[in-house]
Ligand SMILES: NC(=O)c1ccc[n+]([C@@H]2O[C@H](COP(=O)([O-])OP(=O)(O)OC[C@H]3O[C@@H](n4cnc5c(N)ncnc54)[C@H](O)[C@@H]3O)[C@@H](O)[C@H]2O)c1
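Residue numbers (the working numbering): 86 to 443.
Shown next, in the form of structure tokens:
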């Protein structure tokens, strides 16, 4: 049977997630038209331009905040919304204009364009829609290397398997998280009233090669980079011992899920799924340090800062039960392999990425 051809627009397509999805889609479906649109705001996104071009992925220099910028793209059948200001700190120490205008108004422009084209809409949301105070109320125990979610909890939507979609949405969550949550609500309105076929993936920490990691976004790459180039780091907050935990999802595992969703969108239609590495693929900073030391062969100075950063949380683990039972998808790439892949990329592109990451 001949596969359906698609014209797929990936907004933020020069960013970490967007470029990886674009390249893998084009690799697996050479007949698809794969189009990226990006304003190149994120430093390092420009490094993806030659890679996309070489693979036959189209690039439009455009800004999702501007409706007119969609005019030249032509017809599409799928829109993957991956353009964002993705820092949880954005708007906290400076005006929130950019994060709100991109993550909310920009997403509305994407929705309007998808509706006009009757295109599928795949939205990359975030675990940061869950409020900070509620996440800070999760009961946890402390082991030698990490915090663990306690067996007994007073809140709904949480178990030792992680946080599921029934977790509280009451309370503040950062401008990043609230702009994403507001967009989720509008995605659902477009689904209900314009018949848009949508899926919302609330992703935990995503990582992998070509992530331009920085302290407030892309910490796994940043941690490895500091080891690679022998710089210094700090364990910040929660006692300063590096016991805070996140699950991590390799971008290739995310791509496998998005591919499944694209070919059978009705199955996922207009629903929300927590998506992440899960309990089995999680690390504390202390454990991350041990992996980075093993992989790079370098030990660096890590200082201890007791005081918490704004909007920070001690533990986040995704409960993937809902998406896994529906799709059969489970994350496969373990932390050591994730780090090894990032290391190989860093080594192969040392001169290009050193300035950004070290
Ligand atoms: N990386 C993660 O850990 C993670 C976790 C959960 C959710 N997400 C979501 O995944 C998506 C992609 O994140 P990422 O990690 O690739 O971030 P990224 O910063 O690497 O990519 C975002 C891209 O969007 C572009 N962009 C920013 N503002 C734009 C605008 N107004 N118009 C057009 N392009 C614009 C940037 O230049 C960049 O290339 C985001 O929606 C983010 O919220 C990421």
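All C-beta atoms, glycine included, are put in the ideal place defined by N, C-alpha and C. The structure displayed is predicted, hence computed values, not measured ones.
Q.
Looking only at its chain, what residues have a beta carbon closer than 7 Å to the beta carbon of residue 385, apart from the 5 residues adjacent to it on each side?
A. 311, 312, 315, 316, 317, 318
Q.
Contact defined as beta carbons within less than 8 Å: I believe residue 214 pairs with residue 258. What is the distance between those atoms, to the nearest angstrom?
A. 6 Å
Q.
Closer than 7 Å to a non-hydrogen atom of ligand 1 - does that hold for the CB of residue 291?
A. yes
Q.
Give me the DSSP bridge partner(s) of residue 146.
A. 123
Q. In its own chain, which residues sit with a C-beta less than 8 Å from the C-beta of residue 427, not counting the 5 before and 5 after it?
A. Excluding the 5 residues flanking it on each side, residue 427 has same chain C-beta neighbours closer than 8 Å at 292, 293, 294, 296, 305, 306, 309, in chain order.
Q | Candidates 241, 246, 245, 247, of which the one nearest residue 254 by Cα | A | 241
(Q) Counting beta carbon pairs with one atom in the region 125-136 and one in the region 201-213, are three or more of them shorter than 8 Å? (A) no
Q) Which class does residue 161 belong to by DSSP, given the choice of helix, strand or coil? A) Note: residue 161 maps to coil in three-state DSSP.
(Q) Among 302, 287, 278, whose alpha-carbon lies nearest the alpha-carbon of residue 359? (A) 287
Q) With 16 as the cutoff for other CB atoms within 10 Å, does residue 269 come out buried or exposed? A) buried
Q) Would you call residue 86 buried or exposed, if buried means 16 or more other Cβ atoms sit within 10 Å of its Cβ? A) No answer about residue 86 holds up, because its pLDDT of 47 lies below 50 and its placement is not dependable.
Q) Excluding sequence positions up to five away, which residues of its chain have a Cβ less than 6 Å from the Cβ of residue 342? A) 414
(Q) Under 7 Å: does the beta carbon of residue 171 sit that close to some heavy atom of ligand 1? (A) Within the cutoff, so yes.
Q) Using the rule of at least 16 other Cβ atoms within 10 Å of the residue's Cβ for burial, across every protein chain shown, is residue 90 buried or exposed? A) Residue burial is scored here from C-beta neighbours: residue 90 has fewer than 16 other C-beta atoms within 10 angstroms and is therefore classed as exposed.
Q. Between residue 265 and residue 110, what straight-line distance do the alpha-carbon atoms span, to the nearest angstrom?
A. Taking the straight line joining both Cα atoms gives about 25 Å.
Q. Is residue 405 buried or exposed, if buried means 16 or more other CB atoms sit within 10 Å of its CB?
A. Answer is buried; the Cβ neighbour count reaches 16.
(Q) Shorter than 7 Å, the distance from the beta carbon of residue 99 to the closest heavy atom of ligand 1, or not? (A) yes
(Q) For a cutoff of 8 Å on Cβ pairs, would you count residue 224 as touching chain D? (A) Of the chains in the structure shown, none is chain D; there is only one protein chain.
Q) By the 10 Å Cβ neighbour count, where 16 or more other Cβ atoms means buried, how is residue 115 classified, buried or exposed? A) exposed
Q) Between the region 146-163 and the region 115-131, do at least 3 Cβ pairs fall closer than 8 Å? A) yes
**Q.** Per DSSP, the bridge partner or partners of residue 95
**A.** 121, 165
**Q.** Cβ pair residue 120, residue 158 closer than 8 Å
**A.** yes
Q. How many angstroms separate the CA atom of residue 399 from the CA atom of residue 373?
A. Residue 399 and residue 373: Cα-Cα distance of roughly 15 Å.
Q: Return yes when the C-beta of residue 124 is under 7 Å from any heavy atom of ligand 1, and no when it is not.
A: yes
**Q.** Exposure label - residue 367; buried when at least 16 CB within 10 Å
**A.** buried
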